[in-house]
Amino acid sequence: MVVGDITSSTDVLVIGGGPGGYVAAIRAGQLDLDVTLVEMDAYGGTCLNRGCIPSKAMISASDIAHDATQAEEMGIYADPAVDLQGMVDWKDQLVTRLTKGVESLSERAGAHLIEGRAEFASPGRARIVASGEGQGSESIEFDNAIIATGSRPIEVPGFEFDGERILASEHALSLDSVPESMVVVGGGYIGMELATVYQKLGCDVTIVEMLDSPLPQYGSDITDVVHERAEELGIDFHFGQRASEWEEDGDGLVVRTEDEDGNLTAFDAEKCLVAVGREPVTDTLNLDAVDVETDDNGCIVTDGQTRTTEETIFAVGDVAGEPMLAHKAFKEGEVAAEVVAGEPSALDHQAVPAAVFTDPEIGTVGMTEAEAEEAGFDPITGQMPLRASGRALSLNEKEGFVRVVADGESGFILGAQIVGPEASELVAELTLAIEMGATLEDVAQTIHVHPTLSEAVHEAVKGAKGESIHY
Amino acid sequence: MAFEFELPDVGEGIAEGEIVAWHVSPGDTVEEDQVMADVETDKAVVDLPAPVTGTLLDLHAEEGEMVPVGDVVATIDVDGDGEVTEETPSEDTATEEVAATETAADSEPDQDALEASTGDGRVFAPPNVRRLAREEGVDITTVEGTGPSGRITESDVRAAANGEEQTTTSAVTPRDDGDTATQSTSETTTATTQTTVETADRDQTLATPATRKIAEEEGIDLDTVPTDKTRDGKAFVEEEDIRAFLEAEEASAETSAGADTATTSAGVETATPTPQEVTTEPYRGVRRTIGQQMEESKYTAPHVTHHDTADVSELVETRDELKARAEAEGITMTYMPFVIKAIVAALKEYPMLNSELDEEAEEIQYKHYYNIGIAVATDAGLMVPVVKDADDKGMLQLSSEVNELASKARNREVSPDELQGSTFSITNFGAFGGEYATPIINYPETAILGLGEIKQRPVVEDGEVVAKHTLPLSLTIDHRVIDGAEAAQFCNTVMEYLENPTLLLLE
Ligand SMILES: Cc1cc2nc3c(=O)[nH]c(=O)nc-3n(C[C@H](O)[C@H](O)[C@H](O)COP(=O)(O)OP(=O)(O)OC[C@H]3O[C@@H](n4cnc5c(N)ncnc54)[C@H](O)[C@@H]3O)c2cc1C
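Chain order of the listed sequences is X and H. Under full-length UniProt numbering, think of the first position of the first sequence as 1, with each following residue one higher. Under full-length UniProt numbering, think of the first position of the second sequence as 1, with each following residue one higher.
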């Protein structure tokens, strides 16, 4: 301990105020633990400040601008003027509102909030380094710590983020004006979502991707729908290309890519967004002071109760590994707090749903047919194309489908793949079905509101039973 | 051809049984219907007869093991070729397959933990049931579901929690498997072989509570008392055996004067654990059934107990008169038939106390028959044999039936059938002394009457304290169905009959 250190103590020290951390802090407070939440940047973490919420705000806003121009069939003729500054201000307002909310919810639950960076001094003590300075630190003794330090975008060598020409996703969410053109390196969900936003706002977007399709973790029948739509919007795709270098070119830049055979291609653009994935943040923590192990990807190794290899230290959210999703962080944060409080909690959920907010959206949960087979089931599937859905047509949407996968023998629902408008919402019903151990019959017998997209879920389920009515 | 012998449903709709003892061992020849084992179900100990004649190849359950109905307990070679028949259908359902894979809750620091939960480790149980499983320390992957399509329900998990040897890693306190106790017993046995006293070394001994009490008073471990008698294939010790054992010990102590005192007082040593020691005993069989029933009753029905005292001077006289006559017919006349008669008469007046609440149907069912359960303390715990249609039976018949049921229960000869169907129960706690108690209802019945000890107590009569025979009564009711006033009125009626036994003639 440095002379002049102030030492305080707490039952639970939560490091990082993102979805994993603030939920853990609130839950711990509810369970009457004395909890301290330390955040070095902004409450709400990536999710609220530069991730889920801002990106979804920009997606909705750009949809409004874009859809208005696509409604001539409906007798609407429009040419909206977009003030990106105004859009970003609106987004920032709602972000502020939400992060304030997180702060006050945490405080109301009894959490003690500290601004600064926490790093471990020993397995039972952490130092709080006030932002910016290395001095005047404070020490906190803890019984348990929950690490929720999240993740950051991976940098491609040579493409260090400067926020001017080479952008990370957070920069792309706060531009002053819509660039004329943009190269997006990486066709994963973040790249695809932001590419769509800018293309819809009138920017000329080119995606370069190393693999041979966008959103490679999803099956081609799903990604085909999104890929085609993106191309219709005017996004240019180049697959099998690795970004190798860039150079300034006037106000813009030239990005050079290389294919497998070493052939170079050059792309001119005003900006370059690099979105090739995210890596866990552990370098802020001085992990050397504790016995917390990380894996090959740098993620903290945890067990089914979010406990690390150090008995008293837990890790949740992105820093604890894939899937790096906010709702997974929520769940882990809750479990960590409950385990610390002595409750018999565990990560025994059956499935983590996932959504991609592209046009149209993708929503998936549980097993695909192939995965179900691999797991030893004798799967059956039911599929409802949205072109047969009255509600989809009334939304002027013809593409996409809902597919459910179930065990042929028992009828237990095992998974679902949805691509179409509001797929992110539709997946919830089937996630609940999976968690409840519901069968096809259970959902088939449930009345769904007409006319809604949820009827497509109903029909897909009926389809799996060979009892579709509307298709 | 070998026959795979699956544990049959040895009771009525039982799910599992404990193999108390095997009477055969591999290599033995077994005859069809020969008793192979004693199986204790939650209701009674029953014989397990061999299904076929042949040579016993293998036993698949240990003594003391809980075996689910349908599990193979023995392999019997029927015609001497030793080939196993495909008796058990081994078609794996997908559920069974996945049940074997691990869930995320298995705590192994492993990045796969999350994948396991999203991938192969499917368990078809709603989240609240999974949570319950964790709370109960039940490994849900081993629970068999009884819900739709085999979904695991809350009650499946509760059943597993009650029935299973705890198989999970979490929240289980290490169990002392009674090692220390067994060990000290065997040590003693070795020690005693040096003397001439023959001692036994059993794990379990049956005896009546009275015998057990004597053993306790004498500081003797019943398991060490030699006996040839058996009940249900289990060693059965009676008072005379204890006396004989004590005498032998005394004699040996005299002859081997100077011998180590520790060896002579063998039994005493084994029975008394050292102060820090904890010995354990599995919670199952009849004991566990009692426990579960008590729990269900007390947690389901709000209990209220009404106490009163009947002046039974006349009853004592009447009984004494009838006792001699009954004895002539070879029947011991107790007070029980009078009490039963009085209760039946009162139940007819207050049918609410002969009812059952069907929570699911939200209905109160009135029973128009009078089956009276009589709580009997047995060696293994409390049992409640039932006197059926008590309203149709005469005093003598009631007397002999009650006596017979009680002794059957004590000797564990009572059949599951005789333990079912009561509509109202009586508990005679006074037999062990005591004035009042707060009996627990024999759920789903709605009332139980507890009897204290009949003896002379001071009673105020016309301003004078006189000694009179009185009977303390404790009536517990399910307050959901019965109100306090009704309970009091019912009790008053019972008392009226007991105080004026001639009224029973009208019944
Ligand atoms: C553009 C974008 C879009 C996204 N969209 C979605 C989506 O639609 N749906 C979805 O589920 N997920 C989405 N995500 C992912 C989601 O944001 C993350 O999964 C989520 O934020 C992870 O939460 P976390 O608590 O683990 O970490 P974070 O949210 O990253 O929070 C970690 C916090 O810890 C702080 N910190 C780090 N080290 C220290 C330290 N030593 N001391 C104190 N504080 C520290 C950081 O400042 C940060 O605030 C998106 C991400 C991005 C970038």
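Backbone N, C-alpha and C define an ideal beta-carbon position, used for all residues, glycine too. If you're wondering where the values come from, they're calculated on a predicted model, not measured in any experiment.
Residues that residue i contacts on chain X, provided the C-beta gap is smaller than 7 Å
i, result
"A125 of chain H", "G437"
"P148 of chain H", "T439"
Short Cβ contact (8 Å threshold) for residue i with residue j
i, j, result
"N442 of chain H", "S425 of chain H", "yes"
"F412 of chain X", "G390 of chain X", "no"
"I190 of chain X", "S174 of chain X", "no"
"L398 of chain H", "P385 of chain H", "no"
"G381 of chain H", "V286 of chain H", "yes"
"residue 484 of chain X", "L13 of chain X", "Here chain X has residues from 1 to 471 only, and residue 484 of chain X is not among them."
"A111 of chain X", "F120 of chain X", "no"
"S474 of chain H", "H307 of chain H", "yes"
"T493 of chain H", "Y350 of chain H", "yes"
"S20 of chain X", "A337 of chain X", "Reading the sequence as shown, one finds Gly at residue 20 of chain X and not Ser. In this structure, A337 of chain X does not lie closer than 8 Å to G20 of chain X by Cβ."
"E499 of chain H", "E314 of chain H", "yes"
"V365 of chain X", "G333 of chain X", "no"
"A44 of chain H", "S415 of chain H", "yes"
"G145 of chain H", "A161 of chain H", "no"
"S151 of chain X", "T7 of chain X", "no"
"A215 of chain H", "I242 of chain H", "yes"
Under the three-state DSSP convention, the category residue i falls into
i, result
"E397 of chain X", "coil"
"A111 of chain X", "coil"
"Y443 of chain H", "coil"
"S407 of chain H", "helix"
"V443 of chain X", "helix"
"T53 of chain H", "coil"
"K100 of chain X", "helix"
"F124 of chain H", "coil"
"I128 of chain X", "strand"
"G16 of chain X", "coil"
"H458 of chain X", "helix"
"D291 of chain X", "coil"
"R412 of chain H", "coil"
"T224 of chain H", "helix"
"E108 of chain H", "Low per-residue confidence applies at E108 of chain H: pLDDT is 38, beneath 50, and the placement is therefore not dependable enough to give any value."
"N144 of chain X", "strand"
"S184 of chain H", "Only weak support exists for where S184 of chain H lies, its pLDDT of 38 falling under 50; the value from the coordinates is given anyway. Here S184 of chain H sits in helix by DSSP."
"F330 of chain X", "helix"
"R387 of chain X", "helix"
"G153 of chain X", "First, the amino acid is wrong: residue 153 of chain X is Pro here, not Gly. Of the three classes helix, strand and coil, the one that applies to P153 of chain X here is strand, per DSSP."
"S169 of chain X", "helix"
"F429 of chain H", "helix"
"T452 of chain X", "coil"
"V178 of chain X", "coil"
Chain X residues whose Cβ lies nearer than 9 Å to that of residue i
i, result
"R151 of chain H", "S410, F412, M436, G437, A438 and T439"
"E135 of chain H", "E343 and P344"
CB contact check: residue i to chain C, cutoff 8 Å
i, result
"R122 of chain H", "This model lacks chain C altogether, as its protein chains are X and H."
Where residue i meets chain X, residues with beta-carbon distance less than 8 Å
i, result
"R130 of chain H", "D348"
Contacts that residue i makes with chain H (C-beta to C-beta distance below 7 Å)
i, result
"residue 495 of chain X", "Past the edges of chain X, shown from 1 to 471, lies residue 495 of chain X, and the structure says nothing about it."
Residue i CB to nearest heavy atom of ligand 3 below 7 Å
i, result
"H327 of chain X", "Among the ligands present in this structure, namely ligand 1, ligand 3 is not found."
- Message: Under 8 Å: do the segment 314-328 of chain X and the segment 379-386 of chain X share three or more Cβ pairs, one atom per stretch?
- Response: In short, these stretches do not touch, since the Cβ pair count stays below three.
- Are three or more beta carbon pairs between the segment 289-296 of chain H and the segment 470-485 of chain H nearer than 8 Å? Not touching, per the Cβ criterion.
- Item | Touching by the beta-carbon criterion (3+ pairs, under 8 Å), the segment 83-94 of chain X and the segment 255-275 of chain X | For the pair of segments examined, the segment 83-94 of chain X was found not to touch the segment 255-275 of chain X: the number of CB pairs separated by less than 8 Å stays below three.
- Cβ contact check for the segment 228-244 of chain X and the segment 297-316 of chain X: 3 or more pairs under 8 Å: Too few Cβ pairs lie closer than 8 Å, so no.
- Query: Per the contact definition of three or more C-beta pairs closer than 8 Å, is the segment 62-73 of chain H in contact with the segment 445-454 of chain H?
  - Reply: No, because fewer than three Cβ pairs between the segment 445-454 of chain H and the segment 62-73 of chain H fall closer than 8 Å, the two stretches do not touch.
- Message: Quick check: the segment 396-406 of chain X against the segment 200-212 of chain X, are at least 3 beta-carbon pairs closer than 8 Å?
- Response: Put simply, the segment 200-212 of chain X does not touch the segment 396-406 of chain X. Fewer than three CB pairs are less than 8 Å apart.
- Indicate whether the contact test is met: 3 or more Cβ pairs, each with one atom in the segment 293-303 of chain X and one in the segment 21-36 of chain X, closer than 8 Å. Segments in contact, no.
- Query: Counting Cβ pairs closer than 8 Å, one from the segment 349-365 of chain X and one from the segment 423-438 of chain X, do we hit at least three?
  - Reply: Flag = yes, the segment 349-365 of chain X and the segment 423-438 of chain X touch.
- Item | Stretch pair the segment 278-286 of chain X + the segment 214-234 of chain X: three plus CB contacts closer than 8 Å | Cβ pair count under 8 Å is below three, so no.
- Check whether the segment 14-31 of chain H touches the segment 59-66 of chain H, counting contact only when three or more Cβ pairs, one atom from each stretch, lie closer than 8 Å. Three or more beta-carbon pairs separated by less than 8 Å link the segment 14-31 of chain H to the segment 59-66 of chain H, which places the two stretches in contact.
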